[in-house]
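These notes are about the structure you will find just below.
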Amino acid sequence: MSEVSPRPRWRDGLLLAVLAAVILGGLVHYGRGLGDDADEPAATGPQRPTAATSPTAEATAQLEGSPPTDPAAPAAPTGGTCWDGRETSSLRLCGLPEGARGLAWVFPSFSDDRALCHKARPNDDNYPVVESYECFQHALGKPVTITYDHVKDPQQVEDWLLARVGPRNRHDLPGAHGGRCVFVDGVSRPARITGMYEQFPYAVSVYAASPQAAKIAWKKLVRQRPPENVRGIRNS
761 MSEVSPRPRW RDGLLLAVLA AVILGGLVHY GRGLGDDADE PAATGPQRPT
811 AATSPTAEAT AQLEGSPPTD PAAPAAPTGG TCWDGRETSS LRLCGLPEGA
861 RGLAWVFPSF SDDRALCHKA RPNDDNYPVV ESYECFQHAL GKPVTITYDH
911 VKDPQQVEDW LLARVGPRNR HDLPGAHGGR CVFVDGVSRP ARITGMYEQF
961 PYAVSVYAAS PQAAKIAWKK LVRQRPPENV RGIRNS
């Protein structure tokens, strides 16, 4: 029987050398990768959030400058009571106050002084009115007259007062629906103070023998509703 010759030792050595080279190369590449990751600066630009890091409702609300929405919070009330006592789902559905009852709503002082008032005749030397009432009072011991007007057009009233009293004697009172303005005429006799709404057709005037009496009567005897309550009162 013939013997099988042993495998040459030089082949085993060659195989071990190749294997060692492969292992060594892998270690060097892995080490370089670790070094590159450590030296690379962190990204500073904006990045899109992933599904796991999407901003919450609170975070979005904070970014937009508004409080987060609470599903359990009650909705803001929109209904209320109209000037004529009717309940409504929205004050926009209320008509504008009209007649003596409407003027008494807009000007509570007219409601208080109805016994001292009567319906006024049209005055050609004034702005056009739909309905007007005159009330007779006293201030500083002197008689004063207060007129409550439902006017045709607030812009006509403003233009008439600007032409007669002048812009220097106009005082603006900021508020809802354009607010109000007051014109003070202390030169003419009788002295006159007129207040009006910018966007509602109502005006009130005080006439007195002196500017001082007119101012006292205006402060003590005239009461007006704020513009946001002209049509009615919103539910709280």
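In this text, residue positions in the sequence shown follow this note's numbering: the first is 761, and each later residue adds one.
In this text, a Cβ means the ideal position worked out from N, Cα and C, and glycines have one as well.
Computed from a predicted structure; not experimentally measured.
In chain order, S869, D873, Q897, A899, V904, I906, V966 place their CB closer than 8 Å to the CB of L981, counting only its own chain and leaving out the 5 sequence neighbours on each side. Contact between the stretch 851-859 and the stretch 969-976 is absent: fewer than 3 CB-CB pairs across the two stretches fall below 8 Å.
For H878 and A860, the gap between their C-alpha atoms comes out near 10 Å. The way I'd put it, the stretch 917-927 does touch the stretch 940-947; three or more beta-carbon pairs between them come closer than 8 Å. In this chain, P914 is not harboured by any beta strand (DSSP E); it is covered by the alpha helix (DSSP H) spanning 914-924. Looking at A864, L921, K912, the one whose alpha-carbon comes closest to that of E894 is A864. Relative to E918, the option among Y908, R940, G901, I993 whose CA is nearest is R940.
A distance below 9 Å separates the beta carbons of G938 and P987. DSSP lists T841 as the beta-bridge partner residues of I993. Buried is the label assigned to H910, since at least 16 other Cβ atoms lie within 10 Å of its Cβ. Taking a C-beta distance under 9 Å as the contact criterion, V866 and V990 qualify as a contact pair. It is roughly 21 Å from the alpha-carbon of R846 to the alpha-carbon of P961. Annotation for R983: F867, P868, S869 place their beta carbon closer than 7 Å to its own, counting only its chain and skipping 5 residues before and after.
The DSSP-derived three-state label of A899 is strand.
Nearest C-alpha to G901 among S996, S892, I976: I976.
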